[in-house]
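Here is the structure we will look at, set down as structure tokens.
Numbering (our numbering), first residue to last: 197 to 441.
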């Protein structure tokens, strides 16, 4: 799999991003997944004391590349001790940012892969890897923005379909399997996936807010640390919400 500097560095590290390079084959999901409902608040009153007309709600606007970069987690958003190891904030969308390459499975999995090339492609993609040299651990973040909510929602739906249809597959010489980790529910909707590539494990939380998607990847056993996963996922969702807002 080809890749950009800072987001797909080696073959194995490239493969864990299969989940988010796949575009979906379903529609946008059905609202908040964290158990909350959107609150519209009290409608303003007109001069006659009756509720004033508020007009038709506008659809969320897609993020610009600059806004997507601002939605990326940085050192001030994480526990002390982490620094930027690699990043790509160029906003450019490359060929392998859309659709899945090299992943093969049974007929159902292959249909999911084929559908990935027919979905809405992202309009901007940025990424960053943060590492803790003392703990020898790293976290990877990616923010992807789409032309509309439908395109962003397809991404999460495709993750769900991949977990079902591609429970076992191959990518080049590597055996790939998808599982379902325990993951916090964030943003307008979110989905977690546990990806095993060869002997390597990666837990991902994919979060949608409006037409933007943020992905946090926890390599190895870091995904078992709820004291790390929960606050980092919450902060990633909040930064994306601020950028969308």
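For glycine and all other residues, C-beta sits at the position ideal for the given N, C-alpha and C.
No experiment lies behind these values; they were computed from the predicted model shown.
Buried or exposed: which applies to residue i, given that a residue is buried once 16 or more other Cβ atoms fall within 10 Å of its Cβ?
i	result
residue 357	buried
residue 318	buried
residue 360	exposed
residue 440	buried
residue 277	exposed
residue 310	exposed
residue 291	exposed
residue 237	Residue placement at residue 237 cannot be trusted, given a pLDDT of 35 that sits under 50; the coordinates are not used to answer.
residue 304	exposed
residue 438	exposed
residue 418	buried
residue 272	exposed
I need the DSSP call for residue i, collapsed to helix, strand or coil.
i	result
residue 290	coil
residue 381	coil
residue 399	strand
residue 347	helix
residue 423	helix
residue 312	helix
residue 265	helix
residue 352	helix
residue 417	helix
residue 357	helix
residue 276	coil
residue 391	strand
Pull up the CB-CB distance for residue i and residue j, whole angstroms please, since I reckon it's below 8 angstroms.
i	j	result
residue 159	residue 267	Coverage of the chain is limited to positions 197 through 441, which leaves residue 159 absent and any answer about it impossible.
residue 275	residue 342	The pair is not a contact, with the Cβ atoms about 30 angstroms apart (cut-off 8 angstroms).
residue 295	residue 312	5 angstroms
residue 403	residue 436	7 angstroms
residue 391	residue 372	7 angstroms
residue 407	residue 322	Incorrect: roughly 15 angstroms between the Cβ atoms, too far for contact.
Taking residue i as the reference, which of the options has the closest Cα?
i	options	result
residue 434	262, 371, 385 and 315	385
residue 335	438, 421, 277 and 412	412
residue 306	289, 420, 414 and 362	362
residue 398	388, 405 and 404	388
residue 330	279, 344, 394 and 349	279
residue 299	367, 273 and 395	367
residue 297	365, 405 and 344	365
residue 314	351, 332 and 289	351
residue 353	308, 256 and 414	308
Should the stretch 425 to 432 be regarded as contacting the stretch 368 to 386, the criterion being three or more beta carbon pairs within less than 8 angstroms?
-> Short answer: they touch.
Should the stretch 270 to 289 be called in touch with the stretch 312 to 326, which here means at least 3 C-beta pairs below 8 angstroms?
-> yes
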